[in-house]
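*Asks:* Mind having a look at this structure? Questions to follow.
Numbering (our numbering), first residue to last: 193 to 331.
If you want it as structure tokens, here you go:
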């Protein structure tokens, strides 16, 4: 599947679901974002089998990306554990974890880090988000 086909598959879904408290995407917003207003005719002509194959391929790509990222997250956490860092799962440290996550995310967002540090920064943000998630579950 080409990048163009993948983009069409994602663009077939509306950007926002209508619900109370959410505003609709402006009519010309799709055009400004470079998204087609309606699905291209070739997508409408796709068979269910082709749509299923595209869906399965997309899921494989997502799984591969998440697995690869999770592996990097684990390596970073194991490295920190080897250096003696601990207490990430202590609810008393939740405010510290949140502050660190926000500061790392701000650095990443502001692009104040050099490219080779961006990946490490993104992994730090993801690890800290996982810690917040875990601590939220433990309450």
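Glycine is no exception: its CB is placed at the ideal position from the N, C-alpha and C atoms.
Which two residues bound the contiguous alpha helix (DSSP H) that contains residue 282?
*Replies:* Neither: residue 282 is in no alpha helix (DSSP H) and is coded neither H nor E.
*Asks:* Since residue 313 and residue 300 are thought to touch, with beta carbons under 8 Å apart, how far apart are those beta carbons, to the nearest angstrom?
*Replies:* Correct: roughly 5 Å between the Cβ atoms.
*Asks:* Could you give the DSSP three-state label for residue 237: helix, strand or coil?
*Replies:* Three-state DSSP puts residue 237 in coil, outside helix and strand.
*Asks:* Residue 289 to residue 265, Cα distance in whole Å?
*Replies:* Residue 289 and residue 265: Cα-Cα distance of roughly 16 Å.
*Asks:* Taking the alpha carbon of residue 327 as the point to measure from, which residue in 297, 244, 279, 315 has its own alpha carbon closest?
*Replies:* Selected option, being the one with the closest Cα: 279.
*Asks:* When you compare each of 324, 315, 325 to residue 272 by their alpha carbons, which one comes out closest?
*Replies:* That would be 315, whose Cα lies nearest to the Cα of residue 272.
*Asks:* Quick one: grab the DSSP three-state call for residue 275.
*Replies:* Residue 275 falls in the coil class under three-state DSSP.
*Asks:* Would you tell me roughly how many angstroms separate the C-alpha atoms of residue 256 and residue 284, rounded to the nearest one?
*Replies:* Cα to Cα, residue 256 sits roughly 35 Å from residue 284.
*Asks:* For residue 298 and residue 251, what's the separation of their Cα atoms in angstroms?
*Replies:* Between residue 298 and residue 251, the C-alpha separation is close to 30 Å.
*Asks:* Can you tell me whether residue 296 is buried or exposed? The criterion is at least 16 other CB atoms within 10 Å of its CB, across all chains shown.
*Replies:* Buried, since its Cβ has 16 or more Cβ neighbours within 10 Å.
*Asks:* In angstroms, rounded to a whole number, what distance separates the CA positions of residue 239 and residue 245?
*Replies:* Taking the straight line joining both Cα atoms gives about 10 Å.
*Asks:* Measure the CB-CB distance between residue 261 and residue 318 and report whether it falls below 9 Å.
*Replies:* Contact: yes.
*Asks:* Below 9 Å between beta carbons: does that hold for residue 267 and residue 292?
*Replies:* Taking 9 Å as the Cβ cut-off, residue 267 and residue 292 do not qualify as a contacting pair.
*Asks:* Quick one: Cα of residue 275 to Cα of residue 253, how far?
*Replies:* If I take the Cα positions, the gap works out to 34 Å.
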